[in-house]
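Input: a single structure, listed below in structure tokens.
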Amino acid sequence: MSIIELNTGNCQNCYKCIRNCPLKAIRFKEGRATVIDDECILCGTCVDVCPQNAKFVKSQRQQVKDLLTQGERVYVSVAPSYTAYYNIDFPTLSATLKKMGFAGVEETAIGANEVSREYSHLLIDGQMGNIIVTACSSVVMLVERHYPELIKHLAPVASPMMAHAKLMRETYGNDIKVVFLGPCIAKKEEAADRLAGGYVDYAITFSGLEEWMQKDGIQFSETPDPEAVGVLNPVSRLYPKPFGIIQTISERLFKQKYRKVSVDGISDCIELFDTLKNDDSIQGLFIEANVCKGGCLGGPVLRSKHKNPHLSQFNLDDDPMEYDDTPAATTRNAFSHPRVFANRSAQRPQPTEEDIRRILATIGKHSPEDELNCGSCGYPSCRAKAVAVFQGKADIHMCLPYFRQQAENMSNTVLEFSPNGILVFDSEQRLLDMNPTAEIMLGLEKKDWLGELPPVFYGETDFEDARAEEKVKVKKITIDDKFCEQTILFVKQHGMYLVFIKDISEEESRKQELAGLREHTVSIAQKVIEKQMTVAQEIASLLGETTAETKVALTKLKKSMEEQNK
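First residue of the sequence shown: 13, per our numbering; consecutive thereafter.
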């Protein structure tokens with residue numbers, strides 16, 4: 013079941029989720045980062061750090077609303093950290109939830125008290141080499157999925173959430189529905205895990221309830237619930253904070269075999285578990301482990317609310333509350349709360365050294381010296397990235413230094429072999445770079461003019477014009493006996509000028525030849541016209557003389573014939 017999903021349209025290939033995921037439980041494929049469900053422990057880090065809000069936690073709010081709509085009797089188990097999120101007391105929260113249609117509301121601390129009793133039995137029994145408490149769902153997933161060698165150290169005890177849900181079903185009937193309300197997204201996975209107990213139907217977060225209330229226009233009740241029920245042992249409300257679980261257990265139980273250890277934060281948990289995995293001689297530890305820094309008070313939902321886990325501790329109180337005078341009916345029952353675990357580690361293919369070298373070679377890393385280990389791809393080393401590529405978790409094209417080098421090489425090739433002169437100036441018109449063609453065209457050596465303005469550009473106004481007008485300035489210039497076209501543009505985002513000089517001498521020569529040819533053609537045409545006019549005039553003159561002579565002859569003939577007729 014996928015708890016964390018991706019909004020594919022928002023993912024921008026920044027690799028930030030991979031860089032921050034302590035277990036690299038993210039697959040990057042086809043330009044998108046997706047969570048690898050069988051490796052993820054639902055710490056929520058990737059959701060927190062995503063700058064594009066591309067990852068989100070799947071809500072079970074609608075399923076819970078459907079239960080209420082269908083008339084089911086739905087009970088709520090509320091994690092003690094509610095005080096850090098809502099800043100309200102339990103009777104107010106209880107009244108609000110009942111107003112929304114829930115049949116009953118109790119604190120998960122009731123189940124925590126049961127779990128502490130089970131831990132006490134394990135300490136007295138003394139049969140386990142080490143005891144890792146199992147209240148944190150993410151810790152259980154971390155061991156089952158990444159440290160299966162340590163499963164033998166997991167306390168075979170249900171979590172407070174599951175223990176409380178079991179008590180609720182035993183007390184109010186097995187046909188009820190149970191919903192957990194807390195700061196943890198990993199509880200959604202635990203609720204769906206049959207091995208965890210199967211007593212919880214759905215888990216919703218504090219923020220999920222808040223969104224529900226906002227969407228439906230529901231306000232917190234102004235009148236506290238007069239029937240709000242409490243707990244028998246208020247100290248069990250300390251479970252959400254570091255050392256909170258240890259505080260619920262009698263100090264004398266730690267004086268026999270076990271020493272108290274409390275770790276919070278994924279990096280500290282990994283460091284401790286690595287040590288236990290590699291050294292079987294370490295024995296006699298009672299380990300309270302929380303994946304979130306600050307315990308449940310630093311859980312994903314409280315982190316998103318920008319709650320400080322250290323300050324939130326002051327909201328937890330182990331002093332009896334007034335409503336503790338009326339403890340919940342579930343506190344009158346006592347059951348065993350066993351839990352079983354399974355090796356759920358993903359079996360990924362492991363590359364050989366030859367495979368790793370082959371993958372690295374495809375991105376230009378042919379020796380250890382080429383391996384920058386910069387971490388820009390999200391992996392701690394180039395070799396780790398190669399392993400991820402082999403396992404299908406990473407894309408070979410995620411190496412930013414390699415592709416930057418490729419781009420730079422291409423840029424350098426263009427500069428070196430371009431037939432045009434290319435010069436780069438800073439915003440103060442100081443030379444930063446020029447290609448070989450520009451050196452030849454201008455008769456300069458780059459090394460002599462770096463940081464200076466070459467004389468050929470003295471008095472050039474197009475620099476400032478290009479910057480002020482934000483336009484490309486193009487004009488023709490003459491360098492020695494060559495005709496050139498000069499283009500100047502200002503790259504605002506980089507604060508640099510680019511100057512391109514193109515030798516257009518041949519083009520100008522062809523233009524001049526063409527102009528001469530046109531002039532010659534016009535001249536010939538004019539001469540032809542003039543000659544034609546002369547010929548026409550001569551023809552006209554001859555025709556005129558012939559016509560006159562003919563007229564005289566015909567006139568004489570006419571007169572002669574007229575005289576004969578007389």
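Every residue, glycine too, gets a C-beta built ideally from N, C-alpha and C.
Between Gly242, Ala301, Ala565, which lies nearest to Ala91 when the distance is taken from Cα to Cα?
Sequence index remark: in the sequence shown, residue 91 carries index 79 (1-based). Of all alpha-carbon atoms in Gly242, Ala301, Ala565, the one lying nearest the alpha-carbon of Ala91 is that of Gly242.
By how many angstroms is the C-alpha of Asp237 removed from the C-alpha of Thr108?
Within the sequence shown, residue 108 is the residue found at index 96, counting from 1. Within the sequence shown, residue 237 is the residue found at index 225, counting from 1. If you draw a straight line from the Cα of Thr108 to the Cα of Asp237, it is about 8 Å long.
Identify the residues that DSSP records as bridge partners of Gln4: which are they?
The structure shown does not extend to residue 4, since the chain is modelled only from 13 to 578, so the question has no answer here.
Could you tell me which of Ser521, Tyr214, Leu510 sits nearest to Asp445, measuring between CA atoms?
As a first step, residue 445 must be located in the sequence shown, where it is residue number 433. Considering only alpha carbons, the answer is Leu510.
Which residue wins for smallest C-alpha separation from Phe114, given the options Ile371, Met140, Ser89, Ala170?
Here residue 114 refers to the residue found at position 102 when the sequence shown is read from its first residue. Here the closest residue by C-alpha is Ser89.
Three or more beta-carbon pairs under 8 Å between the segment 68–82 and the segment 35–53, yes or no?
When C-beta atoms of the segment 68–82 are compared with those of the segment 35–53, fewer than three pairs fall below 8 Å, so the two segments do not count as touching.
Report yes if the C-beta of Met225 is less than 8 Å from at least one heavy atom of the ligand ZN; otherwise report no.
Because no ligand of any kind appears in the structure shown, any question about the ligand ZN cannot be addressed here.
Own chain partners of Cys33 with C-beta closer than 8 Å, once the 5 adjacent residues on each side are dropped
Indexing the sequence shown from 1 puts residue 33 at position 21. These residues qualify, in order along the chain: Thr57, Cys58, Gly390.
Would a C-beta distance cut-off of 9 Å place Val47 and Lys28 closer than the cut-off?
Mapped onto the sequence shown, residue 47 falls at position 35. Mapped onto the sequence shown, residue 28 falls at position 16. No, Cβ-Cβ distance for Val47 and Lys28 is not below 9 Å.
Going by CA-CA distance only, name the one from Asp187, Gln139, Lys200 that's closest to Met174.
Position 162 of the sequence shown, counted from the first residue, corresponds to residue 174. Of the candidates Asp187, Gln139, Lys200, the residue whose Cα lies closest to the Cα of Met174 is Lys200.
Paired residues, beta bridge with Asp438 - DSSP
On the sequence shown, position 426 is the one that residue 438 refers to. DSSP lists Met508 as partners of Asp438.
Excluding the 5 residues flanking Pro413 on each side, which residues of the same chain have their C-beta closer than 8 Å to its C-beta?
Counting from one through the sequence shown, the residue named residue 413 turns up at place 401. Sequence-distant partners of Pro413 (beyond 5 residues in either direction) whose C-beta falls short of 8 Å from its own C-beta, in its chain, are Leu384, Cys386, Ser388.
Three-state secondary structure (DSSP) of Arg369:
Position 357 of the sequence shown, counted from the start, is the residue given in the question as residue 369. Look at Arg369 here: in three-state DSSP terms it is helix.
I need the straight-line Cα distance from Met225 to Gly194, nearest angstrom please.
The residue given as residue 225 occupies position 213 in the sequence shown. The residue given as residue 194 occupies position 182 in the sequence shown. Going from the Cα of Met225 to the Cα of Gly194 covers about 15 Å.
Any chance you could list the beta strand (DSSP E) runs of at least 3 consecutive residues sitting entirely within the segment 58–89, in chain order?
Unbroken beta strand (DSSP E) stretches of 3 residues or longer found wholly inside the segment 58–89: 67–69, given in chain order.
Expressed to the nearest angstrom, what Euclidean distance is found between the alpha-carbon atoms of Leu244 and Gln259?
The residue you call residue 244 lines up with position 232 of the sequence shown. The residue you call residue 259 lines up with position 247 of the sequence shown. Rounded to the nearest angstrom, the two C-alpha atoms are 16 Å apart.
Hey, is the segment 183–198 in contact with the segment 364–371, meaning 3+ C-beta pairs nearer than 8 Å?
Contact fails: fewer than three Cβ-Cβ distances are below 8 Å.
Please determine if the segment 210–227 and the segment 305–316 are in contact, where contact requires at least 3 C-beta pairs separated by less than 8 Å.
By the Cβ criterion, the segment 210–227 is in contact with the segment 305–316, since at least three pairs of Cβ atoms, one from each stretch, lie closer than 8 Å.
Could you tell me whether the segment 294–312 touches the segment 268–276, using the rule of 3 or more Cβ pairs below 8 Å?
The segment 294–312 vs the segment 268–276: in contact.
Alpha carbon of Arg264 to alpha carbon of Glu126, nearest angstrom:
The sequence position of residue 264 within the sequence shown is 252, counting from 1. The sequence position of residue 126 within the sequence shown is 114, counting from 1. Cα to Cα, the separation comes out at about 19 Å.
Three CB pairs or more closer than 8 Å across the segment 544–554 and the segment 520–533
With a cut-off of 8 Å, the segment 520–533 and the segment 544–554 do not count as touching, because too few Cβ pairs lie within range.
Residues in the same chain with beta-carbon distance under 8 Å from Met453, minus the five sequence neighbours each way, listed in chain order, please.
Counting from 1 along the sequence shown, the entry for residue 453 is found at position 441. Exclusion of the five residues before and after Met453 leaves Gly433, Ile491, Lys494, Cys496, Ile513, Asp515 as the residues of its chain whose Cβ lies within less than 8 Å of its Cβ.
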